[in-house]
Amino acid sequence: MTRQLISSGAPWEPVVGYSRAVRVGNVVEVAGTTAQDGDAVTGSDAYAQTKRVLEKIGEALAAAGASFEHVVRTRMFVTDIRAWEAIGRAHGEVFGTIRPATTMVQVAALIDPRLLVEIEATAIITE
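Using my numbering, read the sequence shown as starting at 143 and increasing by one per residue.
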């Protein structure tokens, strides 16, 4: 089976040794994705950051030949579980009818203190 590596172009991908997404066969795994864009963080609140994260996940899925409709699982890591409604609302705007299996957990911190949410996704391409 062919292994397709999708890069976001982030300078730390080769240093850390990871890809934004990996496709093997009909499965696409999207790595933990945040609202960090270079040195900036897009969005100062959990809702805005979640919207940006999902945009970036959508771009990674497209590069792998998939779309949101193929997503079967998401995992959300948040720094303040009290923001669950705002994060959930943004997630629901994308996945409302798709309804992947989803987990949301609070974590002590993400890699940059400005980051409020990180999301992973798994997609299975059925066509």
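Cβ coordinates follow ideal geometry from the N, Cα and C atoms, glycine included. Predicted model, so just to flag it, every value in this text is computed and none were measured.
Exercise. Does the separation of the CB atoms of E260 and T144 fall below 8 Å?
Worked result: Judged by their CB atoms, E260 and T144 are not nearer to each other than the 8 Å cut-off.
**Report entry** Collapsed DSSP secondary structure at A177 in the structure displayed
**Finding:** In this structure, A177 counts as coil in the three-state DSSP scheme.
Worksheet item: Does DSSP classify I223 as helix, strand or coil?
Response: Here I223 sits in helix by DSSP.
Quick one: grab the DSSP three-state call for A265.
-> Reduced to three states, the DSSP call for A265 is strand.
Original post:
I229 by DSSP, collapsed to three states: which one?
Top reply: It is helical.
Would a C-beta distance cut-off of 8 Å place L258 and A188 closer than the cut-off? One thing to note: L258 has its Cβ within 8 Å of the Cβ of A188.
- Message: Is the separation between the beta-carbon of P242 and that of T216 shorter than 8 Å?
- Response: Yes; because the gap between Cβ atoms is below 8 Å, this pair is in contact.
State buried or exposed for A250, treating a residue as buried only when at least 16 other CB atoms are found within 10 Å of its CB. Exposed, because fewer than 16 other Cβ atoms sit within 10 Å of the Cβ of A250.
Q) Would you call L147 buried or exposed, if buried means 16 or more other Cβ atoms sit within 10 Å of its Cβ? A) Classified as exposed, L147 has fewer than 16 neighbouring CB atoms from the shown chains inside 10 Å of its CB.
Query raised in the report: With 16 as the cutoff for other CB atoms within 10 Å, does R165 come out buried or exposed?
Result: Per the 10 Å Cβ criterion, buried.
- Query: Can you tell which of A225, A190, S186 and F219 has the C-alpha that lies nearest to the C-alpha of A263?
  - Reply: Of A225, A190, S186 and F219, the residue nearest in Cα terms is F219.
**Asked** Do you know offhand how far G207's Cα is from V236's?
**Response** Each residue's Cα considered, the two are about 18 Å apart.
Am I right that Q191 and A202 are in contact with their C-beta atoms under 8 Å? What's the rounded C-beta distance? Not a contact, Cβ separation roughly 17 Å.
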